[in-house]
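2 protein chains.
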Amino acid sequence: MNLFYQPAIPEGVFHLDEDESRHAVKVLRMQVGDPLHVTDGRGGYYKAAVTTADARKCTFTIQETNTTPPRSFFITLAIAPTKNIDRMEWLVEKAVEIGVEEIYFMVCQNSERKTINRERLLKIAVSAMKQSGQFRLPLLHDIKPFAEIVSGNANQKFICYVDASNPHLLKTQAQPNQHYLVLIGPEGDFRPTELDLALQNGFSKVSLGSTRLRTETAALTACQTLNFINL
Amino acid sequence: MNLFYQPAIPEGVFHLDEDESRHAVKVLRMQVGDPLHVTDGRGGYYKAAVTTADARKCTFTIQETNTTPPRSFFITLAIAPTKNIDRMEWLVEKAVEIGVEEIYFMVCQNSERKTINRERLLKIAVSAMKQSGQFRLPLLHDIKPFAEIVSGNANQKFICYVDASNPHLLKTQAQPNQHYLVLIGPEGDFRPTELDLALQNGFSKVSLGSTRLRTETAALTACQTLNFINL
Numbered sequence: 000m001n002l003f004y005q006p007a008i009p010e011g012v013f014h015l016d017e018d019e020s021r022h023a024v025k026v027l028r029m030q031v032g033d034p035l036h037v038t039d040g041r042g043g044y045y046k047a048a049v050t051t052a053d054a055r056k057c058t059f060t061i062q063e064t065n066t067t068p069p070r071s072f073f074i075t076l077a078i079a080p081t082k083n084i085d086r087m088e089w090l091v092e093k094a095v096e097i098g099v100e101e102i103y104f105m106v107c108q109n110s111e112r113k114t115i116n117r118e119r120l121l122k123i124a125v126s127a128m129k130q131s132g133q134f135r136l137p138l139l140h141d142i143k144p145f146a147e148i149v150s151g152n153a154n155q156k157f158i159c160y161v162d163a164s165n166p167h168l169l170k171t172q173a174q175p176n177q178h179y180l181v182l183i184g185p186e187g188d189f190r191p192t193e194l195d196l197a198l199q200n201g202f203s204k205v206s207l208g209s210t211r212l213r214t215e216t217a218a219l220t221a222c223q224t225l226n227f228i229n230l
Numbered sequence: 000m001n002l003f004y005q006p007a008i009p010e011g012v013f014h015l016d017e018d019e020s021r022h023a024v025k026v027l028r029m030q031v032g033d034p035l036h037v038t039d040g041r042g043g044y045y046k047a048a049v050t051t052a053d054a055r056k057c058t059f060t061i062q063e064t065n066t067t068p069p070r071s072f073f074i075t076l077a078i079a080p081t082k083n084i085d086r087m088e089w090l091v092e093k094a095v096e097i098g099v100e101e102i103y104f105m106v107c108q109n110s111e112r113k114t115i116n117r118e119r120l121l122k123i124a125v126s127a128m129k130q131s132g133q134f135r136l137p138l139l140h141d142i143k144p145f146a147e148i149v150s151g152n153a154n155q156k157f158i159c160y161v162d163a164s165n166p167h168l169l170k171t172q173a174q175p176n177q178h179y180l181v182l183i184g185p186e187g188d189f190r191p192t193e194l195d196l197a198l199q200n201g202f203s204k205v206s207l208g209s210t211r212l213r214t215e216t217a218a219l220t221a222c223q224t225l226n227f228i229n230l
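Note that the protein sequences, when read in sequence, are chains A and B. Here numbering that gives the first Met the number 0 is used: the first residue of the first sequence is 0, the next is one more, and so on. Here numbering that gives the first Met the number 0 is used: the first residue of the second sequence is 0, the next is one more, and so on.
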C-alpha cells in the first residue's frame with residue numbers, strides 16, 4: 000500500500016504536494032476516482048479518492064477518517080551528530096521505522112559536526128514513516144547546545160556513557176510507559192563536565208551493553224531498548 | 000586503541016597484512032618497539048611490539064596472549080539480501096557491532112538479489128569487529144538457497160513473518176543461552192510455500208513488533224532482541 004503525506008489535512012488542505020502528486024499521477028498513473036491513502040503525520044489516516052489527477056497538484060476528497068492515538072510511552076533521543084552525515088541520515092530512517100517520538104541534535108564539547116540539514120533529515124523521516132506504515136511523524140528539531148538539551152524535562156532521563164564505574168544497563172533502569180529522554184554523545188564521548196551537568200540535572204548514567212558502539216549504533220540501540228521494554 | 004587483525008597468529012604468522020601494515024607504519028607512524036594490539040578474530044587478543052616497521056609487512060613479537068571465551072549464546076542470522084547492497088553492508092556493520100556469531104545470505108522465491116560480494120562484506124565485518132573492540136569475527140557465508148538454510152540446526156529456530164495470524168513476539172519466544180537461527184525474508188517477504196517448509200523444519204513463526212520494518216531493519220531488530228534477552 001502506498002501511503003501519502005499531507006500534514007495540513009486538519010486545516011483543510013486536500014491535495015498532495017508536487018513531489019507526491021508526480022509520484023501518484025506519473026509513476027502510479029492514478030486517475031480520478033482511484034483510492035488514495037493519506038496520513039497527516041499527526042495520527043490521522045485518511046481513505047480518500049483522487050478528484051484531479053494533476054501531476055503537479057493532485058487533489059482528493061476524504062471518504063473515511065481514522066485516528067491513531069499516541070503510544071503509551073514517549074521516546075526523546077538527543078544525539079551529537081557524527082562527522083559523517085550519512086550515519087545520521089541512516090539513524091533517522093531506522094529510529095523512525097522502529098519507533099521514536101522526538102529527535103534532538105546537540106553540540107557537545109567533543110562534537111566534530113555543529114550543523115545539520117534539518118529539511119533533508121525531515122524528508123528521510125517522512126519517507127520512513129510512510130514506508131513503515133505509521134501515521135505519526137516524530138518531532139525533529141534543529142541543532143541545539145548541550146546545555147539547552149540537558150535542561151529538558153522527562154520522567155526518565157538517561158545519559159549513555161561508557162566508563163569503568165558504569166554498572167547500570169538502560170534495559171534495567173527504564174520503566175515502561177514513561178517519557179524518556181536519552182542523551183548520546185559524540186565520537187569521543189561526553190566530557191566529564193558535561194556528564195556532571197547531566198547528573199546535576201537528574202540524568203542517570205547508563206550503559207547499553209558490553210560492546211563499544213559507534214554513536215549512531217548507540218542511539219539506535221537505546222531506541223530499540225526503550226521500544227523493547229514497552230513491547 | 001587501534002586494534003589490528005591477523006587471523007593466522009595461532010598458525011605462527013607474526014606480521015600484519017599490507018593494508019594494516021601501511022596503516023600502522025604510514026598513518027600511525029609506528030616504530031620498532033612500539034606496542035601493537037592484535038586480535039586473531041578467533042577469541043585471541045595479543046599485546047605485541049613492532050619488530051620491523053615495514054609499511055608493506057609490519058612484523059611483531061607477542062608479549063602477552065589473552066583469550067576471550069565464546070558468548071553463552073549463539074546468534075545465526077539468515078537474510079535474503081536486499082536489491083540495494085548498501086543496506087546489507089550497513090546490516091553487517093551494525094550486527095557485528097551489536098553482536099552476532101554467524102550470518103547467512105539466502106536466495107528466496109521473492110529475492111531481487113541472488114549474489115553478494117562476500118569479500119567486501121568480510122572486510123566490513125573485520126572493520127566493525129576491530130572498531131567495536133571485539134576479538135571474534137562472525138562466520139560470514141556465501142549465498143545459499145533457502146532450502147539449504149531451512150534444513151540447518153539450532154536450539155531455537157525462528158522465521159520472521161508478518162501476517163494477521165502471527166501472535167508470537169520473538170522477544171517472548173526466545174529463551175536465553177541458546178543457539179538461535181533466525182530467518183529474515185526478502186522485500187516482498189517469504190512465499191507461503193517457504194513458510195510451510197520452515198514450519199515443517201521446526202521453525203516458529205514470530206513477529207518483531209508492531210511496525211512494518213524493512214528487511215535490514217528487521218534483521219537488526221532480531222539481532223538486538225536476541226542480544227537483549229541475554230543481557
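Virtual Cβ for every residue (Gly too), placed ideally from N, Cα, C.
Could you work out which residues of chain B lie near residue i, taking near to mean beta carbons separated by less than 8 Å?
i: T51 (chain A); result: Going along chain B, no residue has its Cβ under 8 Å from T51 (chain A), so there is no contact; the nearest lies around 30 Å.
i: K93 (chain A); result: T216, L219
Do residue i and residue j have their CB atoms nearer than 8 Å?
i: E92 (chain A); j: A127 (chain A); result: yes
i: I102 (chain B); j: L121 (chain B); result: no
i: V99 (chain B); j: S131 (chain B); result: no
i: H178 (chain A); j: K204 (chain A); result: no
i: F157 (chain B); j: G43 (chain B); result: no
i: T224 (chain A); j: K170 (chain A); result: yes
i: P185 (chain A); j: A79 (chain A); result: yes
i: D39 (chain B); j: P6 (chain B); result: yes
i: N176 (chain A); j: S71 (chain A); result: yes
i: F3 (chain A); j: V37 (chain A); result: yes
i: I228 (chain B); j: A173 (chain B); result: yes
i: D188 (chain A); j: Y160 (chain A); result: yes
i: V149 (chain B); j: L212 (chain B); result: no
i: A221 (chain B); j: L198 (chain B); result: no
Thinking just about the alpha-carbon of each residue, which of the options is nearest to the one in residue i?
i: L35 (chain B); options: B:H14, B:R41, B:G42; result: B:H14
i: P68 (chain B); options: B:F202, B:R119, B:T60, B:R41; result: B:R41
i: F104 (chain B); options: B:S209, B:V181, B:A197; result: B:V181
i: G201 (chain B); options: B:L230, B:N154, B:V161; result: B:N154
i: K143 (chain B); options: B:R117, B:Y45, B:I123, B:P137; result: B:R117
i: M87 (chain B); options: B:L139, B:R55, B:E63; result: B:L139
i: T81 (chain B); options: B:C57, B:T64, B:V106; result: B:V106
i: S62 (chain A); options: A:N152, A:G151, A:I8; result: The displayed chain sequence assigns Gln, not Ser, to residue 62 (chain A). Of the listed residues, the one whose Cα sits closest to Q62 (chain A) is A:I8.
i: Q108 (chain A); options: A:K56, A:I183, A:V26, A:E10; result: A:I183
i: T64 (chain B); options: B:R55, B:Y45, B:N226; result: B:Y45
So with CB distances below 7 Å, who are the chain B contacts of residue i?
i: N226 (chain A); result: G208
i: Q223 (chain A); result: T220, Q223
Under 9 Å Cβ-Cβ, which residues of chain A neighbour residue i?
i: R211 (chain B); result: E96, Q130, S131, G132, Q133
By the criterion of Cβ-Cβ separation under 7 Å, what are the contact partners of residue i in chain A?
i: K170 (chain B); result: F227, L230
For a contact defined as C-beta to C-beta under 9 Å, what are the partners of residue i on chain B?
i: Q155 (chain A); result: Those do not exist, as Q155 (chain A) stays about 18 Å from chain B at its closest Cβ, beyond 9 Å.
Would you say the beta carbon of residue i comes nearer than 7 Å to a heavy atom of the ligand HEM?
i: T224 (chain B); result: Annotation note on the ligand HEM: not contained in the displayed structure, which lists no ligands.
Does the stretch 213-230 of chain A come close enough to the stretch 104-124 of chain A that 3 or more CB-CB pairs lie under 8 Å? Verdict: no, contact absent.
For this session: Count the CB pairs spanning the stretch 185-192 of chain A and the stretch 11-29 of chain B that are closer than 8 Å, and state whether there are at least three.
Result: No, the stretch 185-192 of chain A does not touch the stretch 11-29 of chain B.
**Item:** the stretch 20-35 of chain A in contact with the stretch 45-63 of chain A per 3-pair CB rule at 8 Å
**Value:** Put simply, the stretch 20-35 of chain A touches the stretch 45-63 of chain A. At least three CB pairs are less than 8 Å apart.
In chain order, what are the residue ranges of uninterrupted beta strand (DSSP E) at least 3 long that sit wholly in the stretch 85-117 of chain A?
Contiguous beta strand (DSSP E) elements confined to the stretch 85-117 of chain A occur at 101-106, taking only those with 3 or more residues.
message: Extract the residue ranges of the alpha helix (DSSP H) inside the stretch 8-76 of chain A, only unbroken runs of 4 or more that lie entirely within it.
response: Runs found: 17-21.
### Task
Scan the stretch 167-229 of chain B and note each continuous beta strand (DSSP E) run of 3 residues or more that stays entirely inside, going in chain order.
For the stretch 167-229 of chain B, the continuous beta strand (DSSP E) assignments of 3+ residues that do not extend past its boundaries occur at 178-183, 203-205, in sequence order.
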